[in-house]
Structures are given as structure tokens and as C-alpha cells.
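Everything on this sheet refers to the single structure shown next.
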Amino acid sequence: MRHTRSNKGNVRSHHALGELRFSACSSCGKKHLPHTACENCGKYNGRVVLDVHSRIAKKDKKAKEKAKTESKQ
Ligand SMILES: [Zn+2]
């Protein structure tokens, strides 16, 4: 069935995303997305699931390489 322009608008009026809700980390107290490991300490449900230190090292390495290539140009 044909969707008119106004009908399209009516349907899409309910498609807006709500505000993000966070839960507090039980070990470091930082906000993180629910059902997701904490980005700050890498823990989920009291268990370490993310290697935060290697992630930080990787990020630093990437930033350094980027700075190097930018300074060359
Ligand atoms: Zn945490």
C-alpha cells in the first residue's frame, strides 16, 4: 500500500533515539553502558574481561605513528 508523505512522517515521529542510560561500574564507579564491560578498568560483573593496559598502549602507539607521519609532510 502507498505510504503518503504525511504517513511517512507519522511513522518516523516515533523513531527518535532516547537519551543514553549509563550504569556505574561496581569497582571504579565510572559510568559505562549497561551490559558492557567498563572502558576504564575493563571489568564486567567483577571479572576482568578487557586488557585495558594493552588497549592504552595500542592507542598511544597509533597516536605516535600518526604524529610521525603528519610531521613528515
Ligand atoms: Zn570500571
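The numbering of the sequence shown is my numbering, which starts it at 6 and goes up by one.
Cβ coordinates follow ideal geometry from the N, Cα and C atoms, glycine included.
{"Check": "So, is residue 33 buried or exposed, given that buried needs 16 or more other C-beta atoms within 10 angstroms?", "Outcome": "exposed"}
{"Check": "Under the assumption that residue 45 contacts residue 30 (Cβ atoms under 8 Å), give the Cβ distance between them as a whole number of angstroms.", "Outcome": "7 Å"}
{"Check": "Using only CA atoms, which one of 47, 8, 43 lies nearest to residue 161?", "Outcome": "Since the first residue of the chain shown is 6 and the last is 78, residue 161 is not available in this structure."}
{"Check": "Return yes when the C-beta of residue 45 is under 6 Å from any heavy atom of ligand 1, and no when it is not.", "Outcome": "yes"}
{"Check": "What's the gap between the Cα of residue 67 and the Cα of residue 76?", "Outcome": "14 Å"}
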